[in-house]
Amino acid sequence: NAGVMQNPRHLVRRRGQEARLRCSPMKGHSHVYWYRQLPEEGLKFMVYLQKENIIDESGMPKERFSAEFPKEGPSILRIQQVVRGDSAAYFCASSAGTGVSPLHFGNGTRLTVT
Amino acid sequence: AQTVTQSQPEMSVQEAETVTLSCTYDTSESDYYLFWYKQPPSRQMILVIRQEAYKQQNATENRFSVNFQKAAKSFSLKISDSQLGDAAMYFCASDTSGGSNYKLTFGKGTLLTVNP
Numbered sequence: 001n002a003g004v005m006q007n008p009r010h011l012v013r014r015r016g017q018e019a020r021l022r023c024s025p026m027k028g029h030s031h032v033y034w035y036r037q038l039p040e041e042g043l044k045f046m047v048y049l050q051k052e053n054i055i056d057e058s059g060m061p062k063e064r065f066s067a068e069f070p071k072e073g074p075s076i077l078r079i080q081q082v083v084r085g086d087s088a089a090y091f092c093a094s095s096a097g098t099g100v101s102p103l104h105f106g107n108g109t110r111l112t113v114t
Numbered sequence: 115a116q117t118v119t120q121s122q123p124e125m126s127v128q129e130a131e132t133v134t135l136s137c138t139y140d141t142s143e144s145d146y147y148l149f150w151y152k153q154p155p156s157r158q159m160i161l162v163i164r165q166e167a168y169k170q171q172n173a174t175e176n177r178f179s180v181n182f183q184k185a186a187k188s189f190s191l192k193i194s195d196s197q198l199g200d201a202a203m204y205f206c207a208s209d210t211s212g213g214s215n216y217k218l219t220f221g222k223g224t225l226l227t228v229n230p
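So the protein sequences, as listed, match chains A and B.
Note that the first sequence covers residues 1 to 114 in my numbering.
Note that the second sequence covers residues 115 to 230 in my numbering.
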């Protein structure tokens, strides 16, 4: 029973390039969440998606960041024109619903911008 | 903005002994959950224990228990009979989505070392 799968595990991009981070939720989970962990910090909420819908994007930077969770396939967090400040670990979590269902996190993608 | 404060950047404990990690939080929500997550070197975030704020009874999961003081907004984690596998970064978190449990605010973490 696979957990939340994120890939790649490590991603290196040069300034100005695009970064695409992928997340496959646990089987049976239709709710996906993205969090970002800056060095020496705790995780910070970015966005909550259900299939084909963004439910809450209050933690997403206004520019260059976007997220989707299509009907088929993994959720994608896309960062355009990356800058050094985007270097962080990006975590995806999934759940069967909200409320009592706990979040199950993946192992994260560590993005390094050179 | 809601905040979660972990005042101990690092803690150490001898194997088989007990250690308590501190956490305080600030919330305006009336209904919320509190969590402790463990992050080993593998980087995966693993849920250790959670507490519903309206429940007065402290949550317990095997060797892990919490001391929840709602009025003081304190939520400490006690690890009994510490094992080498408990070594990790521990994060305290509060739910800021009004009980929906998806928008968590995390503290900066406490790095726990377990000495053999």
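For every residue, glycine included, the Cβ atom is placed at its ideal position computed from N, Cα and C.
No experiment lies behind these values; they were computed from the predicted model shown.
Check: Give me the Cα-Cα distance between threonine 219(B) and alanine 173(B), rounded to the nearest whole angstrom.; Outcome: 20 Å
Check: Could you check whether the segment 183-198 of chain B touches the segment 130-140 of chain B, counting it as contact only if at least three pairs of C-beta atoms, one from each stretch, sit closer than 8 Å?; Outcome: yes
Check: Closer than 7 Å: is that where the CB of arginine 110(A) sits relative to any heavy atom of the ligand NAD?; Outcome: Ligands are entirely absent from the displayed structure, and the ligand NAD is therefore not among its contents.
Check: In angstroms with no decimal places, state the Cα-to-Cα distance between alanine 88(A) and histidine 10(A).; Outcome: 10 Å
Check: Note down, in chain order, all residues in the segment 76-89 of chain A with a beta-carbon under 7 Å from any beta-carbon belonging to chain B.; Outcome: Ala89
Check: Are tyrosine 90(A) and leucine 103(A) touching if we call contact CB-CB under 8 Å?; Outcome: no
Check: Going straight from the alpha carbon of arginine 157(B) to that of serine 144(B), what length do you get?; Outcome: 32 Å
Check: Would you list, in chain order, the members of the segment 178-209 of chain B that have their beta-carbon closer than 9 Å to a beta-carbon of chain A?; Outcome: Phe205, Cys206 and Ala207
Check: Output the distance between the C-alpha atoms of valine 113(A) and glutamine 17(A), rounded to the nearest integer angstrom.; Outcome: 9 Å
Check: For a cutoff of 8 Å on Cβ pairs, would you count leucine 218(B) as touching chain A?; Outcome: yes
Check: Taking asparagine 215(B) as the query, report the chain A residues whose CB atoms sit under 9 Å from its CB, ordered along the chain.; Outcome: Ser95, Thr98, Gly99, Val100, Ser101, Pro102 and Leu103
Check: Measure the alpha-carbon distance for glutamine 197(B) versus lysine 152(B) and round it to whole angstroms.; Outcome: 14 Å
Check: State the Cα-Cα distance for the pair tyrosine 48(A) and glycine 106(A), rounded to the nearest angstrom.; Outcome: 15 Å
Check: Going by the beta-carbon positions, is the gap between tyrosine 147(B) and asparagine 215(B) smaller than 8 Å?; Outcome: yes
Check: With 8 Å as the limit, tell me which residues of the segment 152-164 of chain B have their beta carbon closer than that to any beta carbon of chain A; keep them in chain order.; Outcome: Ser156, Arg157, Gln158, Met159, Ile160, Leu161 and Arg164
Check: Mind listing the chain B neighbours of phenylalanine 45(A)? Cutoff is C-beta to C-beta under 7 Å, in chain order.; Outcome: Lys217 and Leu218
Check: In angstroms, rounded to a whole number, what distance separates the CA positions of cysteine 206(B) and glutamine 120(B)?; Outcome: 7 Å
Check: Between asparagine 107(A) and chain B, is the shortest Cβ-Cβ distance under 8 Å, so that the two count as touching?; Outcome: yes
Check: Work out the CA separation of alanine 2(A) and glutamate 63(A) for me, nearest whole Å.; Outcome: 33 Å
Check: Run through the DSSP bridge pairs and tell me what alanine 202(B) is partnered with.; Outcome: Leu226(B)
Check: What's the C-alpha gap between alanine 67(A) and asparagine 229(B)?; Outcome: 42 Å
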